[in-house]
Structure formats: structure tokens, C-alpha cells
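Asks:
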Amino acid sequence: MDPKPVLAEVVPLLFGLDVLRGHLTIFPIPLAEAGLFDLPWKRTVGAAATEAVSDGTALTVLGADD
620 MDPKPVLAEV VPLLFGLDVL RGHLTIFPIP LAEAGLFDLP WKRTVGAAAT
670 EAVSDGTALT VLGADD
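For the sequence shown, the working numbering gives the first residue as 620, with consecutive numbering after it.
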């Protein structure tokens, strides 16, 4: 059996990034932002998402839970 046709039918490789603290710009962890009792997370999450999407990232992965 030739392995090349089998390898062509596998699930495609997905690339994702953990942008919890930002992508190109680094922000404080969400737990620290929550301690401010302010809503800066809306701005920081929006900025991180905009940076990740503009860099071509379509999938983000949360690596830790605070």
C-alpha cells in the first residue's frame, strides 16, 4: 500500500496562538485587569484580537484559566 494517498486524506494541520495577554502588544493578565474594577479588558481584548487577525491568525487558544 502506498502511504502517500493516505497522508493526503488526513485532517489538515491547524495553527493557533495564545493571545491572552496580547499579540504584538503585551497587556496585563486578565486577573490583574479584573482587580482594577474597571473595564479596560474590552479595549485590550479588542486590540489583541485586531492585532491577531491582521497578522493572519484565525484561531486563538486559551492556554490558562485565571
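Each residue gets a CB set at the ideal place from its N, CA and C atoms; glycine is no exception.
Note that the coordinates shown come from a computational prediction; the quantities given were computed from them, not determined experimentally.
Got a sec? Which residues, its chain only, sit under 8 Å from L678 by beta carbon, not counting five neighbours each side?
Replies: Here the set comprises L633, F634, G635 and L636.
Asks: In whole angstroms, what separates the C-alpha of G675 from that of R640?
Replies: Roughly 18 Å between the two C-alpha positions.
Asks: In terms of residues, what are the limits of the alpha helix (DSSP H) holding P711?
Replies: There is no way to answer for residue 711, as the model of the chain reaches only from 620 to 685.
Asks: Using the Cα positions of L643 and E670, report the straight-line distance between them to the nearest angstrom.
Replies: Straight-line Cα distance between these residues: approximately 7 Å.
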